[in-house]
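Participant:
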Amino acid sequence: MINNTPTVTRDGVIGQNGSQVVTVDQATGAEFARYPVAGKEEAVAAVAAARSSAGPWWDLGFEGRAERLRAWRREIAVGGEEGAALIHTENGKPLDEARVEVLGILEHVQYAVENAERVLGRREVPDSPTVPNQRAWVEYQPYGVVGVIGPWNFPLLTPGAILIEAIAAGNAAILKPSQITPGVGEWIVRTWQRAVPDFPNVLQCLNGFGATGGALIEAGLNKLAFTGSVATGKTVAAQCAQTLTPVLLELGGKDGVIVAEDADLDEAARHVVWGAMQNTGHGCISLEVAYVAESVHDEFVEKISDLAKQVRVGSDEDAEIGPVPLPTQIPIIREHIQDALDRGATATVGGVEAVGERYVAPTILVGVSPDSLAVTEETFGPTLAVVKVADTEEAIAHINGGRYGLGSAVFSRDRGEAIARQLHVGMTSINDALVFSINPAVPFGGRGDSGYGRKQGEEGLREFAYPHSFTAKTGPAQFSATTFGRPAGAMAGALAGVRNRILAEDGEKAAPTG
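Quick note: the sequence shown uses UniProt numbering, first residue 1, plus one each step.
(1) Can you list, in chain order, the residues of its chain whose CB lies under 7 Å from that of D255, leaving out five sequence neighbours each side?
(2) Can you list, in chain order, the residues of its chain with a C-beta nearer than 6 Å to that of S450? Leave out the 5 residues immediately preceding and following it.
(3) Output the distance between the C-alpha atoms of V138 and N171, rounded to the nearest integer angstrom.
(4) Answer with buried or exposed for T9, where buried requires no fewer than 16 other C-beta atoms within 10 angstroms of its C-beta.
(5) If we count the other Cβ atoms within 10 Å of its Cβ and call it buried at 16 or more, is K473 buried or exposed?
(6) Identify, in the order they occur along the chain, each residue of the same chain with its Cβ nearer than 6 Å to the Cβ of R34, setting aside the five sequence neighbours on each side.
(7) Distance check for G507 and A290, CA to CA, integer angstroms please.
(8) Return the chain-ordered ranges of every beta strand (DSSP E) run that is complete within the stretch 311-368 and spans a minimum of 3 residues.
(9) Can you tell me the Cα-Cα spacing of G80 and I321, whole angstroms?
(10) Any beta carbon from chain C within less than 7 Å of Q141's own beta carbon?
(11) What residues in its chain sit with their C-beta under 8 Å from that of G367, if we drop five residues either side in the sequence?
(12) Since F154 and I258 should fall inside the 8 Å C-beta cutoff, what is the C-beta to C-beta distance between them, to a whole number of angstroms?
(13) How many angstroms separate the CA atom of E261 from the CA atom of Q338?
(14) So the candidates are T158, G64, L216 and G351; which of them puts its Cα closest to the Cα of S107?
(15) Is the CB-CB distance between P362 and I180 below 7 Å?
(16) Going by DSSP in three states, Y111 sits in which element: helix, strand or coil?
(17) Quickly, what does DSSP pair F470 with across the bridge? List them, please.
(18) How would you write the range of the beta strand (DSSP E) that P36 sits in, first residue to last?
(19) Please state the DSSP three-state secondary structure of I2.
(20) Would you decide whether T483 is buried or exposed? Buried here means 16 or more other CB atoms lie within 10 Å of its CB.
(21) Taking only the alpha-carbon atoms, compute the straight-line gap between G493 and G485 and give it to the nearest angstrom.
(22) Beta carbon of A173, beta carbon of V146: below 7 Å?
(23) Suppose you measure from the CA of L373 to the CA of H336; what does that come to, to the nearest Å?
(24) Indicate the three-state DSSP secondary structure (helix, strand or coil) for residue 516 in the structure shown.
(25) If we count the other Cβ atoms within 10 Å of its Cβ and call it buried at 16 or more, is H297 buried or exposed?
(26) Going by DSSP, what residues sit across from A290 in a beta bridge?
(27) Quick one, which of K40, G160 and E82 has its alpha-carbon nearest G460's?
(28) Measure how close the beta-carbons of V355 and I333 come, nearest whole angstrom, since I'm counting them as under 8 Å.
(29) Residues bridged to T376 by DSSP?
(30) Cβ of M277 within 7 Å of Cβ of V311?
(31) Leaving aside the five residues before and after L265 along the sequence, list all residues of the same chain whose C-beta is less than 7 Å from its C-beta, in chain order.
(32) With respect to the alpha helix (DSSP H) encompassing F62, which residues constitute its N-terminal and C-terminal limits?
(33) So which of L503, V498, I502 and A504 has the shortest CA-CA distance to P129?
(34) Have a look at V435, G208, I164 and V202 and flag the residue whose alpha-carbon is nearest the alpha-carbon of K176.
(35) Would you check if the stretch 61-71 and the stretch 113-123 touch, i.e. whether three or more CB-CB distances between them fall below 8 Å?
(36) Report the CB separation of I399 from G416 in whole angstroms; it is logged as a contact under 8 Å.
In structure tokens form, the structure reads like this:
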């Protein structure tokens with residue numbers, strides 16, 4: 001029986017069997033909007049429409065696609081305040097932070113326009129001495145239809161960057177946004193369809209819950225990009241494996257920051273507090289654990305505690321971090337704080353009492369045991385666990401010993417790069433925080449339980465195209481290496497010639513043949 005009178009809950013959803021997604025204004029908890037839930041039929045229809053558009057879209061060539069991407073960029077810029085307002089309402093983050101997402105998308109489109117042909121265009125490769133009458137080259141061709149399952153924490157920037165890369169590479173794309181922020185997903189698709197009316201089905205949106213994402217995967221995608229939790233990512237990967245559908249997984253993180261003995265502590269404190277608390281800590285790359293050298297530990301703790309106390313929480317114009325839009329995250333944050341305290345930690349700022357029903361105030365935990373949940377598991381809240389270490393080698397060992405491997409940060413006046421290169425993670429900011437997420441030319445992704453594949457940069461564009469290798473005969477050869485009936489001794493002579501050249505490179509005399 002279809003539920004046509006859904007009960008609104010604060011997280012804006014109505015249950016997996018409802019006919020609508022209901023969103024709320026995170027500032028007030030009041031109902032904001034309703035969206036129909038897409039099922040299997042809608043997913044199949046969307047994939048069919050995308051597939052019919054993918055071929056003509058690819059046939060436009062790089063310049064034809066770039067022209068339309070530029071039109072899309074203009075449409076996003078013109079309507080940027082509307083998009084930011086939607087993010088602010090559905091996600092709850094401060095309006096200025098929502099504007100950051102819009103600015104980021106505009107940069108990503110520009111990067112794709114300027115670099116897609118250079119990265120994905122025809123590339124000549126060296127000839128082979130064994131087949132000297134053959135030229136060779138590589139072209140990158142689109143997969144076809146790409147599905148993108150997006151998160152609620154960065155509802156525009158995270159899926160938007162992936163959509164841009166997929167479309168610039170010549171694919172058609174279907175977005176399934178989070179049920180917390182469906183309006184943001186619909187907005188970005190509307191901007192596309194207004195800007196590119198001749199290819200409306202190159203970008204579509206399907207709203208719903210987990211079942212909608214599952215239906216999209218089963219509808220015949222050629223590639224999927226998923227952003228979300230580790231547990232759900234494993235389920236998605238297993239589902240994709242049934243049809244050998246390639247998948248990009250951007251999963252959780254437990255990003256650590258190393259504060260070395262020679263760090264500029266004032267600079268480090270400013271960046272670390274922002275990196276931990278920005279977006280209410282709702283970021284897979286948020287700095288959740290600080291490994292601080294013993295010699296500077298106390299001074300650093302004093303500085304970050306003073307700064308964390310000044311972070312403004314709320315929904316008004318002066319707020320720097322907003323509410324927690326996913327109610328199920330509240331008890332996780334509380335549990336991690338309590339577990340750290342139970343194991344001997346001290347809260348210099350915040351604590352369990354900082355966790356309210358809708359808002360969580362910044363919390364700094366000091367003297368945290370390395371086996372605490374606040375160190376080993378993703379908290380996804382405005383908290384920072386501080387672990388005192390004897391030296392940077394111990395800090396490196398802690399980070400490399402974790403199951404995640406997404407981002408990190410290092411603060412050191414003279415050894416930043418040397419320390420960063422030893423970290424088994426996908427990204428590191430040196431003497432700053434999270435910068436790798438801002439520059440669209442920098443590949444973004446991790447290892448271990450943080451997933452695999454990359455968005456952003458050249459790797460991000462190539463993520464959504466596969467290499468097609470070509471060879472073509474240019475003329476007759478002395479003999480053919482690819483037919484039977486070669487002249488007697490031809491291959492033995494060829495091998496001897498190569499051997500002699502290799503020996504000559506090392507100054508050795510050519511070995512006699514025969």
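Even for Gly, the Cβ is constructed at its ideal location relative to N, Cα and C.
Facilitator: Short version:
(1) One-based indexing of the sequence shown puts residue 255 at position 255. Within the same chain, D255 has close Cβ partners I285, S286, L287, E288, L406, G407 and S408.
(2) Numbered from its first residue, the sequence shown carries residue 450 at position 450. The answer, listed in chain order, is L251, G253, Y404, G405 and L406.
(3) Stepping through the sequence shown from its first residue, residue 138 is reached at position 138. Stepping through the sequence shown from its first residue, residue 171 is reached at position 171. Computed Cα separation, rounded: 18 Å.
(4) Here residue 9 refers to the residue found at position 9 when the sequence shown is read from its first residue. Per-residue confidence for T9 stands at a pLDDT of 34, beneath the threshold of 50, marking its modelled position as unreliable; no derived number is given.
(5) Working through the sequence shown from its first residue, we reach residue 473 at position 473. That one is exposed.
(6) Taking the sequence shown and counting its residues from 1, one reaches residue 34 at position 34. Excluding positions up to five away in sequence, the list reads Q20 and V22.
(7) What you label residue 290 is simply residue 290 of the sequence shown in a count that begins at 1. What you label residue 507 is simply residue 507 of the sequence shown in a count that begins at 1. Going by the C-alpha atoms only, they are around 54 Å apart.
(8) 346-349 and 363-366
(9) Along the sequence shown, one-based indexing puts residue 80 at 80. Along the sequence shown, one-based indexing puts residue 321 at 321. If I take the Cα positions, the gap works out to 21 Å.
(10) Of the protein chains in the structure, only one exists, and it is not chain C.
(11) By one-based count along the sequence shown, residue 367 stands at place 367. Taken in chain order, the residues that qualify are G344, A345, T346, V386 and K388.
(12) Position 154 of the sequence shown, counted from the start, is the residue given in the question as residue 154. Position 258 of the sequence shown, counted from the start, is the residue given in the question as residue 258. With 8 Å as the limit, F154 and I258 do not qualify as a contact, their Cβ atoms being about 25 Å apart.
(13) By 1-based counting over the sequence shown, the position of residue 261 is 261. By 1-based counting over the sequence shown, the position of residue 338 is 338. Each residue's Cα considered, the two are about 30 Å apart.
(14) The count along the sequence shown starts at 1 and reaches residue 107 at position 107. The amino acid at residue 107 is misidentified as Ser; the sequence shows Glu. The residue with the shortest Cα to Cα distance from E107 is T158.
(15) Residue numbering aside, residue 362 sits at position 362 when the sequence shown is read from its first letter. Residue numbering aside, residue 180 sits at position 180 when the sequence shown is read from its first letter. For P362 and I180, no; Cβs fall outside 7 Å.
(16) Translated into positions along the sequence shown, residue 111 becomes position 111. Three-state DSSP puts Y111 in a helix.
(17) Working through the sequence shown from its first residue, we reach residue 470 at position 470. Answer is W137.
(18) Counting from 1 along the sequence shown, the entry for residue 36 is found at position 36. Where P36 is concerned, the enclosing beta strand (DSSP E) stretches over E31 to P36.
(19) Counted from its first residue, the sequence shown places residue 2 at position 2. Residue confidence for I2 is low, a pLDDT of 28 falling below 50, so the modelled location carries little weight; the figure read from the coordinates is stated next. Reduced to three states, the DSSP call for I2 is coil.
(20) Sequence index remark: in the sequence shown, residue 483 carries index 483 (1-based). Counting Cβ neighbours within 10 Å, T483 comes out exposed, since fewer than 16 surround it.
(21) In the sequence shown, counting from the first residue as 1, residue 493 sits at position 493. In the sequence shown, counting from the first residue as 1, residue 485 sits at position 485. Approximately 16 Å between the Cα atoms of the pair.
(22) Translated into the one-based positions of the sequence shown, residue 173 becomes position 173. Translated into the one-based positions of the sequence shown, residue 146 becomes position 146. Going by C-beta atoms, A173 is nearer than 7 Å to V146.
(23) As a working note, residue 373 is residue 373 in the sequence shown. As a working note, residue 336 is residue 336 in the sequence shown. For L373 and H336, the distance between alpha carbons rounds to 5 Å.
(24) Outside the displayed range of the chain (1 to 514) lies residue 516, so it cannot be described from this structure.
(25) Your numbering for residue 297 matches position 297 in the sequence shown. So H297 counts as buried.
(26) Within the sequence shown, the letter at position 290 stands for residue 290. A290 is bridged to V257 and V386.
(27) The sequence position of residue 460 within the sequence shown is 460, counting from 1. Out of K40, G160 and E82, G160 has the C-alpha closest to the C-alpha of G460.
(28) In the sequence shown, counting from the first residue as 1, residue 355 sits at position 355. In the sequence shown, counting from the first residue as 1, residue 333 sits at position 333. Indeed they touch by this definition, with Cβ atoms about 6 Å apart.
(29) Looking up residue 376 in the sequence shown gives position 376. Paired residue(s): none; T376 is not in a bridge.
(30) Here residue 277 corresponds to residue number 277 of the sequence shown, with the count starting at 1. Here residue 311 corresponds to residue number 311 of the sequence shown, with the count starting at 1. A contact, by the Cβ cut-off of 7 Å.
(31) Within the sequence shown, numbered from 1, the residue matching residue 265 stands at position 265. So the list reads V296, E299, F300 and K303, once near-sequence residues are dropped.
(32) Locating residue 62 in the sequence shown gives position 62, counting from the first residue. That run of the alpha helix (DSSP H) goes G61 to V78.
(33) Reading the sequence shown from its first residue, position 129 is the one you call residue 129. Taking only the C-alpha atoms, the option nearest P129 is V498.
(34) Mapped onto the sequence shown, residue 176 falls at position 176. For K176, the nearest C-alpha among the options comes from G208.
(35) yes
(36) The count along the sequence shown starts at 1 and reaches residue 399 at position 399. The count along the sequence shown starts at 1 and reaches residue 416 at position 416. Incorrect: roughly 14 Å between the Cβ atoms, too far for contact.
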